[in-house]
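Single-structure report; data block below.
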Amino acid sequence: MKQRILAFLMILCVMAWAAAGQAELPAENEPVEAIVRGLLNETWLPDGAAFACEPGDGLWHVHLTRDGAAAGEMALDGDWEDFVALYQADGYSMPDLKDLTSGRAAAAPEDRAAGDARLKEAETIFARLRGGELLEQEFVRTEYRLSGQDWVYGLEMIGEQMNAVLILRVPEEGADGGVQLMAYVDLDHNWDVRYPGCLSIGEAYELALKAVAPHFEGDAAEYLQMENASMVLGQAENYSMDFEQTGIAPEVPFWTVSLLDMRAWPESTGYDEAVEIYRYHVLLNPFNGDVLETWTEDFGWG
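Here is the structure:
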């Protein structure tokens with residue numbers, strides 16, 4: 159079905175995607191500071207940390223210090239200040255995305271089971287960082303043990319689409335204390351945020367438009383809206399038309415981008431019965447932007 163179920167689940171987000179783009183930061187940072195103070199009450203962030211906020215690149219950048227030393231870096235989304243886009247404890251970073259993909263594929267069942275013991279805590283933290291609740295179609299999964307007491311958790315959708323990633327450090331068995339957030343990255347809210355070393359959604363969108371431009375006489379952006387963009391970490395064959403024809407699926411991870419031509423929708427104010435293609439799919443290498451595959455759907459809405 160080429161993930162059509164997922165596409166229809168995401169159709170309600172079309173207008174939000176179209177309006178996103180470069181975030182406009184609020185003129186005052188008081189609301190952001192209030193949100194950060196609330197976040198720092200959480201036990202999984204540095205206790206007693208001081209902070210300073212500054213705007214830049216569609217984000218509020220928050221510098222954390224404790225006892226005069228750097229404690230971490232946080233970024234809040236410029237459109238929805240209660241969404242945390244990035245977090246990194248001082249000196250800590252996310253694993254390479256290829257390593258994450260291979261690590262989750264090779265994860266030992268016992269490691270996953272040990273990580274699952276903290277799954278509810280990971281779910282609570284994901285929800286807190288993403289404004290208070292998760293989407294109905296999102297679920298949290300233990301990806302793999304990174305090292306020692308550090309586990310990688312993913313916020314996924316059906317089809318192994320990754321919306322966000324966090325790393326939690328859990329105390330040794332029998333030791334006091336709770337989990338600590340070591341790193342976090344959101345992949346689907348802010349167009350300027352990227353998994354380290356990868357394209358952002360905004361960059362993937364621009365490359366997808368360029369890939370389908372030959373279908374249009376003018377600027378493809380005049381006709382198309384972003385429906386969905388997701389990082390795929392597995393089940394690549396479900397996203398590939400080439401796989402049906404050749405049995406060869408693109409190598410994961412990759413960005414999958416869906417673009418809608420609203421002229422093909424009978425209920426659209428710009429409906430044009432001559433337009434038959436209503437959805438363009440573009441698969442992109444997330445590291446260098448190479449187009450892996452493109453295909454279209456032309457059998458109508460619904």
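So the sequence shown is numbered by my numbering: it starts at 159 and just counts up by one. Glycine included, each C-beta is placed from N, C-alpha and C at the ideal position. Here the structure is a predicted model, which means the values were calculated and not measured.
Contact set for residue i: own chain, Cβ-Cβ below 7 Å, skip 5 residues either direction
i: residue 277; result: 298, 300
i: residue 185; result: Unreliable positioning characterises residue 185 in this predicted model, as indicated by a pLDDT of 46, which lies under 50. The coordinate reading is nonetheless provided below. Excluding residues within five positions, none has a Cβ falling inside 7 Å.
i: residue 393; result: 317, 318
i: residue 304; result: 253, 310, 325
i: residue 193; result: 234, 239, 240
i: residue 190; result: 211, 218, 234, 239
Residue i - DSSP class collapsed to helix/strand/coil
i: residue 303; result: strand
i: residue 149; result: Since the first residue shown for the chain is 159 and the last is 460, residue 149 is missing from the structure and cannot be characterised.
i: residue 242; result: strand
i: residue 251; result: coil
i: residue 422; result: helix
i: residue 223; result: strand
i: residue 441; result: strand
i: residue 415; result: strand
i: residue 257; result: helix
i: residue 410; result: coil
i: residue 433; result: coil
Cutoff 6 Å; reference residue i; Cβ partners in own chain excluding five residues on either side
i: residue 312; result: 299, 301, 320, 323
i: residue 407; result: 394, 395, 398, 401
Residue i versus residue j - alpha carbon distance
i: residue 292; j: residue 242; result: 13 Å
i: residue 318; j: residue 367; result: 24 Å
i: residue 228; j: residue 439; result: 43 Å
i: residue 416; j: residue 357; result: 16 Å
i: residue 362; j: residue 331; result: 42 Å
i: residue 386; j: residue 338; result: 32 Å
i: residue 249; j: residue 287; result: 21 Å
i: residue 335; j: residue 381; result: 54 Å
i: residue 442; j: residue 397; result: 12 Å
i: residue 212; j: residue 375; result: 42 Å
i: residue 296; j: residue 420; result: 27 Å
i: residue 378; j: residue 224; result: 49 Å
i: residue 430; j: residue 422; result: 6 Å
i: residue 221; j: residue 245; result: 10 Å
i: residue 384; j: residue 365; result: 12 Å
i: residue 341; j: residue 284; result: 12 Å
i: residue 344; j: residue 418; result: 24 Å
i: residue 208; j: residue 268; result: 39 Å
Within 9 Å, strictly: CB atoms of residue i and residue j
i: residue 247; j: residue 204; result: yes
i: residue 235; j: residue 348; result: yes
i: residue 409; j: residue 436; result: no
i: residue 327; j: residue 306; result: yes
i: residue 452; j: residue 369; result: yes
Residue i: first and last residue of the uninterrupted alpha helix (DSSP H) it sits in
i: residue 327; result: Here residue 327 belongs to no alpha helix (DSSP H); instead the beta strand (DSSP E) covers 319-327.
i: residue 401; result: 399-404
i: residue 281; result: 277-287
i: residue 364; result: 359-370
i: residue 200; result: Neither: residue 200 is in no alpha helix (DSSP H) and is coded neither H nor E.
i: residue 264; result: That residue, residue 264, is in no alpha helix (DSSP H); it is neither H nor E in DSSP.
Boundaries (first-last residue) of the beta strand (DSSP E) holding residue i
i: residue 312; result: 308-315
i: residue 213; result: 208-214
i: residue 344; result: 338-344
i: residue 387; result: 382-390
Close Cβ partners of residue i (< 8 Å) along its chain, the five nearest in sequence each way excluded
i: residue 444; result: 255, 353, 356, 357, 362, 389, 411, 412, 413
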